[in-house]
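One structure is given here, and the rest of the page talks about it.
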Amino acid sequence: MTRIVYVNGAYRPETEAKVSVFDRGFLFADAVYEVTAVIGGKLIDFPGHCARLRRSLGELGLPSPATDEEILAIHRELVSRNALDLGHVYLMVTRGEADRDFAFPKAETPPSFVLFTQARTAIETPEVGRGLRVASVPDLRWGRRDIKTVQLLYPSMAKMEAKRQGKDDAWFVENGEVTEGTSNNAYIVTQDGTIRTRALGHDILHGITRAAIMRVAGELELRIEEKPFTIAEAQGAREAFITSAGAFVTPVVEIDGAAVGDGRPGPIARRLRAAYLEAAIAQAI
Ligand code: PMP
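With the sequence shown counted from 1, adding 5 to any position gets you my numbering.
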């Protein structure tokens with residue numbers, strides 16, 4: 006089955022879905038994106054992703070391509086046209102097409118608006134059962150990581166460095182403290198059982214899954230503190246894990262070659278994953 010992609014108001018077979026070589030998303034990474042998980046053909050945490058998209062657009066003065074209702078309708082139409090049961094919908098808004106110039110084009114320039122689906126075969130991957138091995142890398146990204154831009158070259162390089170080391174993913178370190186993973190938020194469970202993750206600011210993406218995990222942890226009466234941690238603290242923790250719309254909650258079992266806890270996925274990460282998925286599926290739209 007040919008995948009159907011949404012491009013600027015039209016649903017097209019992927020081979021016919023095109024944007025201009027002058028698109029500012031292509032030339033300047035002048036674009037923001039969102040990724041919304043789909044389980045059972047329904048959208049997970051959609052209102053959160055839509056709210057964050059609005060915030061990213063606002064921070065960069067990017068024009069809005071559609072209303073929230075229209076964006077929801079496009080997501081649903083793509084899920085339906087592609088018979089997507091499990092996977093995600095990728096959404097991207099760029100500042101549109103204009104002759105190459107560092108200055109932004111005229112405000113009337115229409116944004117480019119692209120969405121497509123990606124299928125996956127299972128919620129439970131081997132990585133979830135085994136746990137991730139991560140390598141630390143310096144955080145050399147720009148200073149507004151709270152805006153979900155498509156400037157993903159450095160995170161891609163970090164992922165490749167992790168793979169070169171035979172690991173699954175990388176955690177970024179700045180001023181001796183972990184900021185987040187290449188495409189996920191990072192957590193540890195300290196020896197006294199407290200979940201610790203970095204506070205929100207300009208230095209990390211405000212994960213939609215992170216917000217949900219805070220609620221779920223509260224409901225499970227787990228202690229959670231928003232405080233940074235070092236690689237040494239993570240290596241000495243009882244557990245570690247990551248969250249994202251793609252990974253949900255996935256345990257981390259090794260950091261820079263040192264086992265975390267007994268080197269196996271921990272009970273708190275496993276409980277949070279199950280509770281998150283249960284609540285997210287119940288609220289999916
Ligand atoms: N941090 C970064 C750098 C990311 O790319 C992502 C995934 N987009 C996350 C955190 C997790 O965010 P979310 O839970 O909204 O997927």
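For every residue, glycine included, the Cβ atom is placed at its ideal position computed from N, Cα and C.
Considering only their Cβ atoms, is the gap separating residue j from residue i smaller than 8 angstroms?
i: Tyr192; j: Ala245; result: yes
i: Glu39; j: Arg57; result: yes
i: Val119; j: Tyr11; result: yes
i: Leu137; j: Thr255; result: yes
i: Gly30; j: Thr99; result: yes
i: Lys47; j: Ala289; result: yes
i: Ser69; j: Leu77; result: no
i: Ala239; j: Val258; result: no
i: Ile209; j: Glu185; result: yes
i: Val139; j: Asp173; result: yes
i: Glu75; j: Phe27; result: no
i: Ile229; j: Ile260; result: no
i: Ile247; j: Asn180; result: no
i: Arg243; j: Gly271; result: yes
i: Arg146; j: Tyr159; result: yes
i: Leu282; j: Ala222; result: no
i: Leu67; j: Pro116; result: yes
List the endpoints of the continuous beta strand (DSSP E) containing residue i.
i: Phe31; result: Where Phe31 is concerned, there is no enclosing beta strand (DSSP E), although the alpha helix (DSSP H) it sits in stretches over Arg29 to Phe33.
i: Val254; result: Phe253 to Ile260
i: Leu96; result: Leu91 to Thr99
i: Ile4; result: Because residue 4 is not part of the residues shown, which for the chain are 6 to 290, the question remains open.
i: Phe296; result: Since the displayed the chain opens at 6 and closes at 290, residue 296 lies outside it and no answer follows.
i: Ala42; result: Ala36 to Ile44
i: Glu231; result: Ile229 to Glu231
i: Ser85; result: Here Ser85 belongs to no beta strand (DSSP E); instead the alpha helix (DSSP H) covers Asp73 to Arg86.
i: Trp176; result: Asp174 to Glu179
i: Glu102; result: Careful: Glu102 lies outside any beta strand (DSSP E) and carries neither H nor E.
i: Thr202; result: Ile200 to Thr202
i: Thr184; result: Glu182 to Gly186
i: Pro18; result: Ala15 to Pro18
i: Ala22; result: No beta strand (DSSP E) contains Ala22, which DSSP labels as neither H nor E.
i: Val194; result: Asn190 to Val194
Could you check if residue i is buried or exposed, using at least 16 other CB atoms within 10 Å of its CB as the buried criterion?
i: Phe177; result: buried
i: Gly45; result: exposed
i: Ala237; result: exposed
i: Thr7; result: exposed
i: Ile49; result: buried
i: Val142; result: buried
i: Arg203; result: buried
i: Val84; result: buried
i: Asn87; result: buried
i: Met165; result: exposed
i: Val5; result: Because residue 5 is not part of the residues shown, which for the chain are 6 to 290, the question remains open.
i: Thr41; result: buried
i: Pro131; result: exposed
i: Ser188; result: buried
i: Ala217; result: buried
i: Gly212; result: buried
i: Ile128; result: exposed
i: Asp144; result: buried
Quick one: give me the first and last residue of the alpha helix (DSSP H) that residue i is part of.
i: Pro131; result: Pro131 to Arg135
i: Met162; result: Leu158 to Arg169
i: Val221; result: Ile213 to Glu224
i: Phe109; result: No alpha helix (DSSP H) holds Phe109; DSSP gives it neither H nor E.
i: Ile247; result: Premise fails: Ile247 lies in the beta strand (DSSP E), Glu244 to Ser249, not in any alpha helix (DSSP H).
i: Gly53; result: Phe51 to Leu65
i: Pro272; result: Pro272 to Gln288
i: Glu238; result: Ile236 to Gln240
Does the beta carbon of residue i fall short of 7 angstroms from some heavy atom of the ligand FMN?
i: Arg215; result: No copy of the ligand FMN appears in this structure; the ligands present are the ligand PMP.
Practice task
May I ask you to verify whether the stretch 136-154 touches the stretch 24-43, counting CB pairs closer than 8 angstroms and requiring at least 3?
Solution key: yes
Exercise for the section: Examine the Cβ distances between the stretch 87-102 and the stretch 118-127 and report whether three or more of them are shorter than 8 angstroms. Expected result: yes
Practice task
Could you tell me whether the stretch 162-175 touches the stretch 190-205, where touching means 3 or more Cβ pairs closer than 8 angstroms?
Solution key: no
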